[in-house]
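Here's the structure we're looking at; comments come further down.
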Amino acid sequence: MESGENLVEYRKIKTVKLDAHNKDTAIIVRYEVDEATNAEEFRHDKNRWCQKTVKLKNFNDNSDISSIAQYVINCCPFLKDGQLSEVEQILYYLQKRQKLFNADRSSENESPCSTVPSSSVSMDKVEEYIEMLYEQTPYIVSGTASILQLSNDIVNVKSLVENEILIGALARVLKDEWKKSFDVAINIVSIFYNFSLYSDFHTVLVQYRIGTLCMQLIDNEIKNWNEKTDCTSASAKSSSIILRKQQDLITVCFNLLLNLAEDLKVEFKMVNRNLLEMLVKVVGERNVFSELLMVVINFLIKLSLFAENQQIMRSVHLVDALAALFPIDDNLLRRSVFRLLFNLSFDIATFNQIVTAELVPHITAFINVDECSMNLLYRLSTNDNAKAIIAYTDAVQALMGQLVSGKASDVAKGLLVNIALERRNAHLICASDGSGLDLIATAAFSTTDKMLIKVLRNIASHSESLHKFFFKWAHNLLEKAISFGEDERYSGYALDCLGTVNIISSLNWEELVESMSLVPWIQKVITSINKETKFPPDFILQVVILCSTMAQHLNVARLLVPFVNNFIDLLSAQQEDDEMVIQVVYLFYVLITHEELSDALTSSGAQIGAYLLDLMHDRNLPIRTLCDATLSIFAQRSEEWSQKMDVERFRRHNAQWLEMIADGNGALSCDSTLSASPDSFNVFGAEELLDDAEVARVIILMVRFALDWSNRTVRSASFGAAVCFLCTLFLIFCVSITRSLVLTSATWLSVFSLFLLISTVVSCSVSKKPTPTNTFGYSRTPVMAVFSATVLVSLSAIFLIKECSEHLLEGEHHAHSHNLYLFGAAAVSTSLITAAYGTPNQPFQHVLTASSSSSLQEHFADVSHALCYIVPGLSILLLPRLNALSILAFLTTCACCITHWYISELWYIDAGSALVLSICVFMTMWPLSKYTGRMLLQTSPPHIHNQIDRCISEASTIEGVLELRNAHFWQLDFSSMVGSIDVRVRRDADEQLILASVTEKLSPVVSMLTIQVVKDVAAAWQNFDGLNPPTITSPFYSETGDTHSTNPNLAYVSESHTHDGHSHGTVSNDYNQVKSTNGHNHSEINMDYLPEDIGYNNEHFHNVLHH
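Listed below in structure tokens is the structure:
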């Protein structure tokens, strides 16, 4: 036996990992060294990984593995005795591999240069080995074998990696010669594997694209797996040799990729290139050696840590492939499979596949010897079907055996907790004589084990046939609950003890209550809610359940009646806790079922009925149901409570009816007729007319839907939205299969079309009438909908531009040679054309018409002019400005068709097409987002600025007008403008005439106008900017909100203008304000604020008002 370099005295060994050499009969020992350098001027600590190769001479099929393993432990000072079993496993693997190699060696026709003695290789001959790589295949095998021998020594690795000529030559030979010779491919990939053992050299391997070559090699060998074995069926030995070499090559390639996958970015690229499909296909193949399976399973374990990879594994049926491997004789392989299944079990769908694949019996067979199988079975025990399967295995016997021997772990106890929820498992745990239950109860009470007491609680939840085993333990359960109830450390333990007793209703409760003085303790617990000594809320809940269980016995119920008021106090304090409320109400229900206790519970001193009446209309359905049942018994036992219930129910139903009528016409009042009605139980047949106001609401919604559906635009937009939705679903399906970027861009355009049609339906359905909270109603909803849709597709375009750039820079591509690109082009074109021309009068059409042209539309316009010059007949279609959605439909179709034609030849065509299409989408959406965004920011369109300036100039020339200021005009929606302006007039001017004149000047442009008229009073005008004069309330639109006048003289004016399209004016004389509407020169004057020095009297203003 030989060993590598000796340890330095100042080194400290921290972590040691063992592995078998991939070719030689040797053990690789990797260890982490903590180097400490001590000097007066410098001190530092550094950790690094080192490697020793322990070569085994004269190791054959007859070697004693135990003695050799002990010898290896003694020779390596940094190996501990606890690693003896691991060394024996590796030696067993090496012995088995050598046995297979010797069986094939006699019939293998190797080149005389394929193997090289390790003593004849030297770093000084590296140049000779490189020259051999340019010769014929036998010399290439010899040269690569020599380099492989050198790379097995850690001392030579760095020098070999830094030799760029050598690395380039090896990469070239692997790329050109791997299909001609298995030996060449195995030797070169093994060399690169030795380099990949060190993270510092991964960049070199990535630079020469070694990972990509390995994946191509694996893909080719997996495709030709069965073909090669079938073609060589004439010679069984020759076939086995080829199969062995093929699997050795795939094994070392997977080992190399596994090391490179330490970088998550590299791992992500591997997954994108169908690595998972390759791994699963190897698992599902027949005649796979355990070494290859071991590498594949370990790789899958690493990849299964990510949810995205778990979904792919589920889609390729990995669980079925793993199930076909059982029974597995190799301990290491079986343990790795259990670890992989444990990781996969965290995906719900894969979890169900594991259960249905009948793996539970195979897993339960090893729970005594393998911790991984125990953990996996614990995960599966959360499924009801798995619990039922476990009942037909030896799992219960094994778990009870661990419990008896005292070796049961927390996982084993948790497994018992889960499987005890299944009835058959509970019977198996208890045994026919209850000895199993006695064993668990004894351990639970002696060790205060919270897990074991949960096992008892789950067993007690089954049929009463198991309750007889709990009779002798009821006293202990109550005693533990009483003693540990106030201890926070054991609150969960006490809670489960009490919960177990609560389930067993057939106990002799009279004896238990008397012997353990339960009644005073119960009173202490339920009254502790408002005291310093508090029990946990969950514990108090269990005490209430305990009272309900005991109250089923009449003699015990009599003892609880005096504490009814305490339970009512508890109900008041915990009224937000629905579980507490329903348990207390159930206690009242159990008490009232005893006819002997009716008088005490229904007496005037008891408040049970009053609280139950309040809970009759609770939002929680179980509480309402239980209250109705309890009150029904109250009504049977007491005539007084029967009448109270009738009155309360009548008031409830009558209030709902009146509320519905008030919502319908806004005129009825709840106090109009019913308060004076002599018939307090059947007023106008209200109870017969309506039992639930929800019916009326449903009817109203149906009527509104019918009215909206009668609109042709709504119907066409709804059908168009359905078409776009189906197209979107189809495009999502295409993207999920192809992962194409150009189809992803098409999907976002289809989503955009869907949102446009939805905005059309919304704009036709929403009300534009003012509400108490919205001055202009929901007029801006269509604007917001179009803005949101354009911003959404713009953001998606930016995201796709980023993704396409990354794919082009990193060289990633997905080659898919099916016709989904053409179908995707048809789907997105259908969606865009439907949104562009399928629905008239939609908001987006207005935005397209009113907004400025995009640069894309301008370029298409230039092309259109050129085509019309050649073919004048096309001017009808092309000369008007082309619809932006039509242009996008044409560009998307072109991009999809180009990608379909050239995807197999140009790897970058998909990302390039998506990049160009995303830029075009962003250029198209920018003017639309800008137009709607400015509208939401309350700006006015540029094309009406001149009109507004002209109107203001004309208004300023009106007789009596001194100045117009504080003008603010903005666009409310696609069809209306809103504005406000202050008008300063002379003291002797006619306010009504000026209001009418200014309104007439501005009304052609501004449909809703607020005018503030202020008389030329120096004090008032100078202080106007700093004051907020009171505004007369009006039902009209204004910036200050929507309010109603309380002046009786103005009632007629307030009711006369309810239609849209009116401007509103306000005349202010100092603090007096007059408001008028366009076309109807009515005014509203607050007489209380008229100053005496103006010269107008109240009679004058009344005349003006009525005029």
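Last residue of the sequence shown: 1106 in numbering that gives the first Met the number 0, with the numbers rising by one and none dropped.
All residues carry an ideal CB built from backbone N, CA and C; glycine is no exception.
Quick caveat: nothing in here was measured; it's all calculated off a predicted structure.
- Contact fails between the region 781-791 and the region 906-921, because fewer than three Cβ pairs, one in each stretch, are under 8 Å apart.
- Judged by DSSP secondary structure, Trp-900 falls within the alpha helix (DSSP H) whose first and last residues are 883-901.
- When secondary structure is reduced to three states using DSSP, Leu-961 falls in the strand class.
- Where Asp-437 is concerned, there is no enclosing beta strand (DSSP E), although the alpha helix (DSSP H) around it starts and stops at 434-446.
- When the alpha-carbon of Thr-956 is set against those of Glu-594, Thr-548, Val-982, the nearest one is in Val-982.
- Here Met-615 carries a coil assignment [DSSP, helix/strand/coil].
- A direct Cα-Cα distance of roughly 54 Å separates Glu-134 from Thr-746.
- Rounded to the nearest whole angstrom, the C-alpha separation of Thr-211 and Ser-762 is 54 Å.
- When DSSP reads this structure, His-967 sits in a beta bridge with Ser-979.
- Between the region 945-954 and the region 918-934 there are fewer than three C-beta pairs closer than 8 Å, too few to call the two in contact.
- Membership of Lys-386 in any beta strand (DSSP E) is not indicated; the residue belongs instead to the alpha helix (DSSP H) covering 383-389.
- Counting only unbroken stretches of 4 or more residues, the alpha helix (DSSP H) elements lying wholly within the region 133-180 are 136-150, 153-161, 163-176, in sequence order.
- Per DSSP, the unbroken alpha helix (DSSP H) holding Lys-523 starts and ends at 517-525.
- Ser-372 and Asp-393 have their C-alpha atoms roughly 14 Å apart.
- Between Ile-347 and Cys-429, the alpha-carbon positions lie close to 32 Å from each other.
- Collapsing the DSSP output to three states places Arg-949 in a helix.
- A direct Cα-to-Cα measurement between Thr-759 and Ser-778 gives close to 13 Å.
- Taking C-alpha positions only, Asp-486 is separated from Ala-628 by approximately 38 Å.
- Secondary-structure assignment with DSSP links Arg-29 through a beta bridge to Lys-16, Gln-50.
- The C-beta of Leu-291 has 16 or more other C-beta atoms within 10 Å across all chains shown, which makes the residue buried.
- Ranking Gln-522, Met-122, Asn-59 by CA distance to the CA of Tyr-91 puts Asn-59 first.
- By the neighbour-count definition (other C-beta atoms within 10 Å, threshold 16), Cys-895 is a buried residue.
- Annotation for Gly-932: Phe-786 place their beta carbon closer than 7 Å to its own, counting only its chain and skipping 5 residues before and after.
- With at least 16 other beta carbons inside 10 angstroms of its own, Ala-493 counts as buried.
- Only exposed fits Glu-261, as fewer than 16 other CB atoms lie within 10 angstroms of its CB.
- DSSP places Arg-423 in the uninterrupted alpha helix (DSSP H) bounded by 422-429.
- Only residues of its own chain outside the window of five on either side were considered, and among them Arg-333 have a CB closer than 6 Å to the CB of Ile-327, listed in chain order.
- About 25 Å separates the beta carbons of Val-920 and Ser-715, which is beyond the 8 Å limit, so they are not a contact pair.
- Between Ser-150 and Leu-159, the alpha-carbon positions lie close to 7 Å from each other.
- Cβ atoms of Ile-980 and Ala-995 stay farther apart than 8 Å, at about 15 Å.
- Thr-349 places its beta carbon 9 Å or farther from that of Leu-304.
- The closest CA to that of Leu-93, considering only Ser-717, His-20, Leu-497, Thr-143, is found on His-20.
- By the Cβ neighbour-count rule, Arg-272 is buried, with 16 or more other Cβ atoms within 10 Å of its own.
- Of the other Cβ atoms in all chains shown, 16 or more fall within 10 Å of the Cβ of Gln-245; this residue is therefore buried.
- Sixteen is the threshold: when 16 or more other Cβ atoms of the shown chains lie within 10 Å of the Cβ of Val-140, as they do, the residue is buried.
- Your pair Ile-296 and Ser-344 does not check out as a contact, with CB atoms roughly 15 Å apart and the cut at 8 Å.
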